[in-house]
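Novice:
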Amino acid sequence: MSFARRQGMLFTEASAKTGEGVDLMFIELAEKIYLHPEFWDDNRFLHNRIRITQSPPSSGCSCSPFSS
């Protein structure tokens, strides 16, 4: 928790097993995004998006370890 504070990061304890704290975590994250409009138009990650309208490569998936 102290590391997160020093870095200016959010920190929330949550359990994937019981679900405890998960709702609160998402609410806090949504509030943080809402209160900081500079996050809204961040285009840094646009080039990493997948376009569903594109056809798959004809030679197979180049990311597969089994492709030739």
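Count along the sequence shown starting at 1, add 1418, and that's the number in my numbering.
In this text, a Cβ means the ideal position worked out from N, Cα and C, and glycines have one as well.
These numbers come from a predicted model, not from an experiment.
Would methionine 1443 pass as a contact of alanine 1434 if the rule is Cβ separation under 7 Å?
Specialist: no
Novice: Could you tell me the alpha carbon to alpha carbon distance between tryptophan 1458 and isoleucine 1451, rounded to whole angstroms?
Specialist: One C-alpha to the other measures close to 7 Å.
Novice: According to DSSP, is alanine 1432 part of a helix, a strand, or is it coil?
Specialist: coil
Novice: For glycine 1439, which residues of its own chain have a beta-carbon under 8 Å away from its beta-carbon, when the five flanking residues on both sides are left out?
Specialist: Contacts found: Thr1430, Glu1431, Ala1432, Ser1433.
Novice: In chain order, what residues of the same chain lie with their CB nearer than 8 Å to the CB of glutamate 1446, ignoring the 5 residues before and after it?
Specialist: Leu1428, Thr1430
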